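K.L.:
Just passing along the structure, written as structure tokens.
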Amino acid sequence: MGRLEGKVAIVIGAGQSPGQGMGNGRAVCLRFAEEGAKILAVDRDLASAEETAAMARPDSGGAVKASAADVTNGASLGRAIAEAVRLWGRLDILYYNVGVSIAGGDTILSEVTEEAFDRVHAINLRGAVMAAKHAVPIMREQGSGVILNVSSMSAIETTYPFVSYRTSKAGLIAFTQQLAMQNAAYGIRANAILPGLMDTPMAVDTRSRATGRPREEVAAERDARVPLRGRMGTAWDVAHAALFLASDEAGFITGIALPVDGGALNRIG
1 MGRLEGKVAI
11 VIGAGQSPGQ
21 GMGNGRAVCL
31 RFAEEGAKIL
41 AVDRDLASAE
51 ETAAMARPDS
61 GGAVKASAAD
71 VTNGASLGRA
81 IAEAVRLWGR
91 LDILYYNVGV
101 SIAGGDTILS
111 EVTEEAFDRV
121 HAINLRGAVM
131 AAKHAVPIMR
141 EQGSGVILNV
151 SSMSAIETTY
161 PFVSYRTSKA
171 GLIAFTQQLA
181 MQNAAYGIRA
191 NAILPGLMDT
201 PMAVDTRSRA
211 TGRPREEVAA
221 ERDARVPLRG
231 RMGTAWDVAH
241 AALFLASDEA
251 GFITGIALPV
261 DGGALNRIG
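When the letters of the sequence shown are read in order and numbered with UniProt numbering, they come out as residues 1 to 269.
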């Protein structure tokens, strides 16, 4: 315990989609709070962010606040980051967890529309760029900071069928590497996390609703594609990886794209 003691984190995408289980952003908030971080839990849906903050507060001594921001609006992200600094005087960790695929209208190349492509990229990639734009000057002045972007194994899986999600998440890896190299001299680390097949509301319940198939059927199909134990990962698997990368234990690690995928990468080589 206490691996993030004294650290201030802003988690963008701290709420979650409707459905069973827990999303990545919520699990990260809870895990960071357990380890002593002060957290601003940010989401477009303030009620969902408030729910996450309430769940995290027992482990944080009350130092978890909720805030609303629209990731498609750079000024909105800037206000959220400024709020974290106003509350606690610094910013140690920026965690960008927002992503949309099917719910944003993404589909295969022959059917994708300009509107869906732009919407997915505005949320998945441009939002991360704008959040970093506001966070980096603060971290540079401090001489330290950690930026974690949640990409996806779909960025490197050649069989992934949907155009917008894959390209936006691949772009996020490239941006994270650029962040790492351009800010290493200032003591800022930047890394990406690549979740594989996860049992989260966004990944499973959204697909169930979009296809009209039972959740159990969608989950079983995804489980069968995972090498490790034939079972999807959970939000806690992502949260544990995020905790390591956010902590001083990863103090010499920057510019990586870490798969959390149950061995799926080995099928690519």
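Quick reminder that beta carbons are idealized off the backbone N, C-alpha and C, glycines included.
Being a predicted model, the structure only gives us computed values, none of them experimental.
#1: Taking the C-alpha atoms as reference points, what is the distance between T72 and A257?
#2: Please classify L41 as buried or exposed, where buried requires at least 16 other C-beta atoms within 10 Å of its C-beta.
#3: Which partner residues does M198 have in the DSSP bridge list?
#4: Which word fits D45, buried or exposed, when buried means at least 16 other C-beta atoms lie within 10 angstroms of its C-beta?
#5: Residue 276: which of A47, S168, E35, V85 sits nearest, CA to CA?
#6: Would you kindly report the start and end of the unbroken alpha helix (DSSP H) that includes A135?
#7: Assuming S152 and L194 make a contact with CB atoms under 8 Å, what is their CB distance in whole Å?
#8: Comparing alpha-carbon positions, which option in G251, V163, V260, G196 lies nearest F117?
#9: Under 7 Å from any heavy atom of the ligand ADP, does the C-beta of V42 make it?
#10: To the nearest angstrom, how far is it from the Cα of A239 to the Cα of S110?
#11: Using C-beta distances below 8 Å, list every residue in its chain close to A53, excluding the 5 sequence neighbours before and after it, in chain order.
#12: Apart from the five residues on each side of it in sequence, which residues of its chain come closer than 6 Å, Cβ to Cβ, to R3?
#13: Could you check whether A192 and T167 sit closer than 8 Å to each other, using their CB atoms as the reference points?
#14: Where G6 and T159 are concerned, what is the direct C-alpha to C-alpha distance, given to the nearest angstrom?
#15: Just verifying my parser: in three-state terms, what is the DSSP assignment at D70?
#16: Residues in the same chain with beta-carbon distance under 8 Å from W236, minus the five sequence neighbours each way, listed in chain order, please.
#17: Please name the residue in E51, A82, R225 whose C-alpha comes closest to that of G262.
P.N.:
Per the coordinate set shown:
#1: 24 Å
#2: Checking the sequence, you will find Ala at residue 41 rather than Leu. With 16 or more Cβ atoms within 10 Å of its Cβ, A41 is classed as buried.
#3: G233
#4: exposed
#5: Here the chain covers residues 1 to 269 and nothing more, so residue 276 does not appear.
#6: 127-142
#7: 6 Å
#8: V163
#9: The ligand ADP is not part of this structure, which contains no ligands at all.
#10: 36 Å
#11: A14, C29, I39, A41, V64, K65, A66
#12: E35, S247
#13: no
#14: 43 Å
#15: coil
#16: M22, A27, R31
#17: R225
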